[in-house]
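Residue numbers (our numbering): 1346 to 1666.
Take a look at the structure below.
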Amino acid sequence: MIIVPEKEIAGLISAEECFEAVEAVFAAMARGEAWNFPVVREAIGHADALYGFKSGFDRAGLVLGLKSGGYWPGNMARGLTNHQSTVVLFDPDTGQARALVGGNLLTALRTAAASAVSIRHLARKDARVLGMVGAGHQSAFQLRAAVREREFEKVVGWNYHPEMLPRLAETAEELGLPFEAVSLEELGAQADVIVTITSSFEAQLKEAHIRPGTHLACMGTDTKGKQEVDPAILARARVFTDEVAQSVSIGEAQHAVAAGLIGAGDITQIGAVIAGLAPGRQSADEITLFDGTGVGLQDLAVAARAVEIARARGVAVEIDF
Ligand code: NAD
């Protein structure tokens, strides 16, 4: 069995390699060659922790496994990350455990890769201004991955907690792009692509904020009750997602569906666009919205890639198991 420790991940896998892994597994899902299994998420009644599993099988890539972990709110006080995850990969021919991979950084990279995939396939080619709503841990990863996809000339940002905005400003500076902190009205007026990555439970972006032709990647809503944007935006947009079942139940679309504004049949798997089975953006004026809910297969895809690279570079720890 191979162990790829968390501390090795940063030096192993690039944003482009994560992008390729996530794009390929989204396409495999749409072709019916890869499946996610039902998600388990439970409050364990200890340490206020939420613990769960995301799992799946990619028959095309022969990747079988699970990501296990969750949220331990007291970790920060111990000098640890509150979100903890570990990926276990199994040999699909024998069921034997094949690899144990640190999953914390991979989670941020695979989430950023998903919105980048949506930007590559759905945003206008002439998009020049990137809007960021959210300035937490994930936001810097999102910003770095998004700017790779278009020739962005400027980043505009808004956050519910303005004191967190320096994270966006510093990341934009690192990327050589000017940054401007703006109101939501100004953000919608300027941005061609908007990434939302917050833990909000009510709509921040309103329909009036969004211009024709905008692409939105809504990445923060991954639980029942969370919400980042006005459901009226989904009614007006063409809506895409990683997995329709998650989009309508725990994703941003849950609210528009509950309000009867759209149905599951109005939502397209992004993998179908990647695989050439469904059209992507059809006009310059269309609003496109990607509801990124986060699926286990994304985690498995990037973990399997990290294992391949670790083996090739000789940094994987191999043990008899
Ligand atoms: P974080 O705790 O570091 O940052 C939270 C962000 O949400 C900050 O921008 C904060 O200002 C904002 N926020 C907090 N309370 C708010 C409120 N009441 N209204 C509006 N905004 C509020 O979190 P993070 O690690 O950056 O994660 C952000 C979100 O992304 C979380 O909801 C997380 O569950 C989600 N997430 C989704 C995926 C996926 O695959 N879709 C993957 C990882 C994380």
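C-beta atoms are modelled at their ideal positions from N, C-alpha and C, and glycine is treated no differently.
The structure presented is a predicted model; accordingly, all values stated were derived computationally and were not measured.
- CA-CA distance, V1584 to S1592, rounds to 10 Å.
- A Cβ-Cβ separation of about 13 Å leaves R1495 out of contact with R1626 under the 8 Å criterion.
- Remark: the C-beta of G1502 is outside contact range of the ligand NAD, defined as less than 7 Å to any heavy atom.
- Per DSSP, reduced to three states, the secondary structure at G1533 is helical.
- By the CB criterion at 8 Å, V1432 and A1442 fall outside the cutoff.
- Under DSSP, no beta-bridge partner is assigned to Q1549.
- Taking C-beta separations shorter than 7 Å and ignoring five residues to either side along the sequence, the partners of A1651 in its chain run V1349, I1354, L1357, I1358, V1446 and L1451, following chain order.
- Secondary structure note for G1641: its alpha helix (DSSP H) is the uninterrupted segment G1641 to R1658.
- In terms of Cβ geometry, D1403 and A1379 form a close pair [threshold 8 Å].
- Residues M1477, R1512, L1513 and I1542 of the same chain have their beta carbon placed closer than 7 Å to that of S1484, with the five preceding and five following residues left out of the count.
- Per DSSP, T1613 is one residue of the beta strand (DSSP E) stretching across I1612 to Q1614.
- Here L1475 is actually not in contact with L1561; their C-beta atoms are around 12 Å apart, not less than 8 Å.
- Relative to the ligand NAD, the beta carbon of Q1483 is positioned inside 7 Å of a heavy atom.
- Secondary structure at S1460: helix, using DSSP grouped into helix, strand and coil.
- Rounded to whole angstroms, the separation of the alpha carbons of S1628 and D1393 is 47 Å.
- By the criterion of at least three beta-carbon pairs nearer than 8 Å, the stretch 1546-1554 is in contact with the stretch 1568-1577.
- Excluding five sequence positions before and after P1557, the CB atoms of its chain that fall closer than 6 Å to its own CB belong to D1630, given in chain order.
- Annotated as distal: F1364 and V1385, with beta-carbon spacing of 8 Å or more.
- Relative to the Cα of Y1416, the nearest Cα in the group A1598, T1426 and L1407 belongs to T1426.
- DSSP, reduced to helix, strand and coil, places V1478 within a strand of the structure shown.
- DSSP, read as helix, strand or coil, puts A1577 in helix.
- Between E1597 and C1563, the CB-CB gap stays under 8 Å.
- About 5 Å separates the beta carbon of A1609 from that of V1589, a gap short enough to meet the 8 Å contact definition.
- In this structure, K1571 has its CB closer than 7 Å to one or more heavy atoms of the ligand NAD.
- For S1430 against G1419, the beta-carbon gap comes to about 17 Å, at or over 8 Å, which does not count as contact.
- Check the Cα spacing between I1555 and each of V1540, A1534, L1467 and T1566: the tightest is with A1534.
- Membership of I1354 in the alpha helix (DSSP H) is indicated by the continuous run E1351 to L1357.
- A distance criterion of 7 Å places the beta-carbon of H1506 in contact range of the ligand NAD, judged by its closest non-hydrogen atom.
- T1586 is bridged by DSSP to Q1614 and D1636.
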